[in-house]
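Number of protein chains: 4
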Amino acid sequence: MPLTPEQAAEIDAQRAQTPTRRAVAPALEAILYEPIPVLDHGFVRPMDYMGTDDSIVQAARVSYGRGTKRVSEDRGLIRYLMRHRHSTPFEMCEIKYHVKLPIFVARQWIRHRTANVNEYSARYSVLDNEFYIPAPEHLAAQSRGNRQGRAAVLTGDEAQRVYALLREDAARTYRHYTEMLNEGAEGDPADPARQGLARELARMNLTLNIYTQWYWKIDLHNLFHFLSLRADPNAQYEIRAYAEAMLETVKRWVPLAYEAFLEYRLGAALLSATGLKVVRRLLAGEALTQAESGLSPREWRELLALLGRPAED
Amino acid sequence: MPLTPEQAAEIDAQRAQTPTRRAVAPALEAILYEPIPVLDHGFVRPMDYMGTDDSIVQAARVSYGRGTKRVSEDRGLIRYLMRHRHSTPFEMCEIKYHVKLPIFVARQWIRHRTANVNEYSARYSVLDNEFYIPAPEHLAAQSRGNRQGRAAVLTGDEAQRVYALLREDAARTYRHYTEMLNEGAEGDPADPARQGLARELARMNLTLNIYTQWYWKIDLHNLFHFLSLRADPNAQYEIRAYAEAMLETVKRWVPLAYEAFLEYRLGAALLSATGLKVVRRLLAGEALTQAESGLSPREWRELLALLGRPAED
Amino acid sequence: MPLTPEQAAEIDAQRAQTPTRRAVAPALEAILYEPIPVLDHGFVRPMDYMGTDDSIVQAARVSYGRGTKRVSEDRGLIRYLMRHRHSTPFEMCEIKYHVKLPIFVARQWIRHRTANVNEYSARYSVLDNEFYIPAPEHLAAQSRGNRQGRAAVLTGDEAQRVYALLREDAARTYRHYTEMLNEGAEGDPADPARQGLARELARMNLTLNIYTQWYWKIDLHNLFHFLSLRADPNAQYEIRAYAEAMLETVKRWVPLAYEAFLEYRLGAALLSATGLKVVRRLLAGEALTQAESGLSPREWRELLALLGRPAED
Amino acid sequence: MPLTPEQAAEIDAQRAQTPTRRAVAPALEAILYEPIPVLDHGFVRPMDYMGTDDSIVQAARVSYGRGTKRVSEDRGLIRYLMRHRHSTPFEMCEIKYHVKLPIFVARQWIRHRTANVNEYSARYSVLDNEFYIPAPEHLAAQSRGNRQGRAAVLTGDEAQRVYALLREDAARTYRHYTEMLNEGAEGDPADPARQGLARELARMNLTLNIYTQWYWKIDLHNLFHFLSLRADPNAQYEIRAYAEAMLETVKRWVPLAYEAFLEYRLGAALLSATGLKVVRRLLAGEALTQAESGLSPREWRELLALLGRPAED
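Chains as they are written, first to last, in this note's numbering: chain A, 829 to 1141; chain B, 829 to 1141; chain C, 829 to 1141; chain D, 829 to 1141.
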């Protein structure tokens, strides 16, 4: 499922430049339609967008009216909006991506419901023979301490065996998929003695690492929410790789909003009510133990790590 | 609350044409940023958009993949999508309007929750002295038969009295609003002996026909849903006037989708299960009465009207 | 992945009856928590609900206020709301299901974004060895005329071969999944010489017919939208089977709304603007051909079928 | 617009207790249907609900499956979910309120789009003669430093004058509203010589402090979002009063989730990336000035206030 000749032709046509009166983001235009490679066969392609940093400022100024004369600096205003959770001005920007991704990643991704999606349908069409196989540095063992975590990478015989199983099972299930479909050239059956199983049924024999693709469109506020969850170190590596590719496009598209996002969201930390009290007491010079803190042992460890203090217990 | 000098300057800047690689809708570009007058002081201005008819087709082709080679004609494909309620390709298009409208209209409008909104805030800023007063041909009496309907227009003394009341009450409440605010030049109090009531409180003295304004952004699928309800003859005239202005912009933006919308939504009719049976029996030549139809008297009348038949009962 | 002992215990506890002042739907209470079997290993279980037909009426009366004294009959009011697309009163009812379903069905289902979902996570836990294998009467061939349709069922050697492939591939990929996981009793590795692949990676080797499960919660208006699409004859059989099971629960829960839904949605028909003109002309006795109708050949055939007329062309 | 006799009768009927198999929240049941007074004529009434703390736990356990055996304690699990932004289990709970509130509050409230609403319609029915007039302790002056803030309360002549204006304008506009409507007993015109202005038009003469009412239904996750914004000290007092009344109902409904919400949301604090660095340096004993901090003067002041340190600059 690489780009179809039709898609490629469409894109060539669109690459031509046309005058517009809309706000334009030149740095994003420079890579529009370009696939950014992700994983072994996937990509993220920025396809279309609406609005720029200026649109965020313009919307905020309609909301706050003549009252914002003094907040004359755009960067400061955007940071103010992000800091105080004024989310609606960010919703005035919209972006559309073309994404190629393994189905198990697509299933995590789609849980974000505030986007518009058009996915390639295996009910109508035949999927291509492309499967995700992790690179050696991502073939991770199960963490024993953290149920959703990964431990060190697999090596040696165990790694070899896993690769063999993943590759063979993907290849075999795909081969059987095409055999069951029995589709030949020009829509004729490959084997005239067989009818061929319905596409909507045959697809069920494919494994979850086969690649699908979709158009995915979202506003900037909701994209930031997606990225704050999926570019987080706790996110599964495979979806994080997509989030990181998208971060690059956001940086080109709305650089001021991107910077504010790093400062007040992605790099920010939440202190619980009790955690805040602990910080105040520590700053006042109090020597505090976990037992005195009101925090659970786990929260205590997490807070000390956040504050860059050696874990004393 | 006409356009502020700042807004006007922004718009001038944006009217300059810049090259883009995005899909462009030339007929909409031609009126971008232009206010379309609505009611006595209101307007609808298309401010930004994303996607064209081509984007709908492109999204449908990703979904239906190589399977759609035969449906080669864009117009046919768009009509097919609309007819069969395949709504996601229409969601790939997005539009943003700047709207100036009376608050009682804004309250109906905002019930459509699938849009992004930035409204002028009377908590932060002072509203302008502009109120909606119906034109004589819209000063309608209450329908006695239909609770949400209008009857003939008011005339003579009654009309004069209504105009006087609407105008005087709007003027007086606004005058008192500014008196309570006590705002002078440069943020100083008008009357130094008084503090001035908080803006967020003073606004409560204004009547529901004062004008507000907002940026409103929505995808094409949800816009069609909005328009199918608000451009309907049963919608209140004042919001219908806005819907009709927007229809003109949609026609310029996505002419094929617009045409399909008229055919399969705005001009279409829903037959209930029983209504469908009645039509079949009528076509078979049966002479049917309401009592035999299985429809309520009201549904029977509505069906006959829909079918262009004289109401026989 | 049948019910876990924990889930079963929870359910026993919940089956005890407790007094409530909320509106109660006795016919739904009678089957609460009961799994309705769907496909070979799946089910739909109504788990919780809020509101009844009375809640719809109550909400409509708040909206329409004292004005609705005359529309005193609940059934008539609910039908009126459904007929005139007054959707908000139906949103006052909410239902929660526990559903067990194959992943390829879950992927269609999740495209309805207006619901709340908690899905079993194969990132955290190990999936059970249960796969969907179509019953013989559902092992359908690909339709040649209709890309998304099914033709006659497969039989004989072809059917045997398809069954063998589906069963063997599911069994083999699952066996390899557990081998890669290397999980033994009590969280110890099965083979101490191996670390075991991370669960979040190993799952990618499973085929799309493995069963997953989720809690799915939705309001009645959006449930009707889901059911109108998924209980439709054009929906894929496997998801339609779930929609039909849910219809039974809706009938028990809100019988008046259910009846109105059948009349004005599921059994209703949409006439396009041109289709409506054709019906009027036919009723007026005009002998009309497709060429004169303004409809495409396909729309003409569909209209005649809808009207119960022999296709004359 | 107090409760209508019809509504009161409905409520009496519902107060009777019926057995249910659903999860029940006894402390919320105890006040179900009871209006909690807010402002001078408003109220919040919990009308219906679905789910309890147990439903949150149950949903989390379906997601995390057998893997959560060890997190056996419900309170700990709910706190974990809240801390780590796992929002979907909270979406399994739903609540419905009946709220009576001034229109200018309703306009702020409705910006939260993730709820279901049925509002009393002044298009269909006549509004009652009830207006919000602030209590003396809430008749606040405009803050000069903070555009959206309030300063000290108005007193003396200025307060008297504001009260007179608010009361007289509300009374006069309402009197003219009823005059324009010209509605007498039994739907007859009060003055037979006049037709009466359509209700949908006459309402525009009312001021924004008139009371309206609605049913408002929302899931617990989105309710927490609403409450985190509207129970915040920066929210306008009039909407905060409603948020605080709702907090009491949430405490009765889902006490464990409520406690976690106070700890990790309402009482929590967000440190920006730079703010976090500052805290680390302060804890390391560094004497830091605003200029060295990388924070703007305003952010510096806000951080010191948060940390309970005297503002040194």
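Idealized CB from N, CA, C, for every residue including glycine.
Nothing here was measured: the structure is a model prediction, and the numbers come from that model.
Counting every other CB atom within 10 Å of its CB across the protein chains shown gives A/Pro962 a total of 16 or more, marking it as buried. For the pair C/Ile1038 and C/Glu958, the CB atoms are nearer than the 8 Å cut-off.
Per DSSP, reduced to three states, the secondary structure at C/Gln1041 is strand.
Around the beta carbon of B/Glu922, a 10 Å sphere encloses 16 or more other beta carbons of the protein chains shown; the residue is thus reported as buried. Taking C-beta separations shorter than 7 Å and ignoring five residues to either side along the sequence, the partners of A/Ala943 in its chain run Trp1044, Lys1045, Ile1046 and Asn1050, following chain order. Remark: C-beta atoms of D/Thr1001 and D/Thr1035 approach each other more closely than 8 Å. Where B/Arg1000 is concerned, there is no enclosing beta strand (DSSP E), although the alpha helix (DSSP H) around it starts and stops at Gly984 to Leu1009.
The C-alpha of A/Leu1098 lies about 5 Å from the C-alpha of D/Leu1098.
One Cα belongs to C/Tyr948, the other to A/Asn1062, and the distance between them is close to 18 Å. Linking B/Leu1104 to A/Leu1090 through their CA atoms gives a straight-line distance of about 58 Å. One alpha carbon belongs to B/Glu1014, the other to D/Pro1125, and they sit about 24 Å apart.
Looking at the DSSP output, B/Thr1077 shares a beta bridge with no other residue. Listed along chain C are Thr848, Arg849 and Arg850, each with a C-beta nearer than 9 Å to that of D/Leu860.
Within a 10 Å sphere around the beta-carbon of D/His926 sit 16 or more other beta-carbons, which makes this residue buried.
Taking CB atoms only, D/Leu1025 has a neighbour in chain B less than 8 Å away. In the assembly as shown, D/Gly1136 is an exposed residue. Its beta-carbon has fewer than 16 other beta-carbons within 10 Å. Spatial neighbours of C/Asp902 in its own chain (CB-CB distance under 6 Å, excluding positions within 5 residues in sequence) are listed in chain order as Val885. With respect to chain A, the C-beta atom of D/Glu919 has no partner C-beta closer than 8 Å. Chain-order list of chain B residues neighbouring D/Tyr960: Met1032, by C-beta distance under 8 Å. DSSP places A/Gln936 in the helix class (H, G or I) of the three-state scheme. For the stretch 914 to 942 of chain C, the residues whose beta carbon sits under 8 Å from a beta carbon of chain D are, in order, Thr916, Pro917, Glu919, Met920, Glu922, Lys924 and His926. Of the residues C/Arg939, C/Pro1017 and C/His912, the one whose Cα lies closest to the Cα of A/Gln970 is C/Pro1017. For C/Gln970, the enclosing beta strand (DSSP E) stretches over residues Ala968 to Gln970.
The beta carbon of D/Leu929 lies closer than 6 Å to those of Gly870 in the same chain, with the five residues before and after it left out. Near chain B, meaning a CB-to-CB distance below 7 Å, the residues of the stretch 1099 to 1112 of chain C are Leu1099, Ser1100, Ala1101, Thr1102, Leu1104, Val1107, Arg1108, Leu1110 and Leu1111. Here A/Ala943 carries a coil assignment [DSSP, helix/strand/coil]. For a cut-off of 8 Å, the C-beta gap from D/Met910 to D/Tyr1086 is around 10 Å, too long to register as a contact.
D/Tyr1005 has a beta carbon lying at 8 Å or more from every beta carbon in chain C. Residues of chain D whose Cβ lies closer than 8 Å to the Cβ of C/Trp1042 are, in chain order, Val890. Taking C-alpha positions only, D/Ala844 is separated from C/Thr880 by approximately 16 Å.
The Cβ atoms of C/Tyr1005 and C/Val872 do not sit closer than 8 Å to each other.
As the crow flies, the alpha-carbon of B/Leu1048 is around 14 Å from that of B/Ala888.
The residues Phe1089, in chain order, have a CB closer than 6 Å to that of C/Phe1052 in the same chain once the five nearest residues on each side in sequence are set aside.
When DSSP states are grouped into helix, strand and coil, B/Asp882 belongs to the helix group.
Look at D/Pro865 here: in three-state DSSP terms it is strand. Counting the other Cβ atoms within 10 Å of the Cβ of B/His914 gives 16 or more, which makes it buried.
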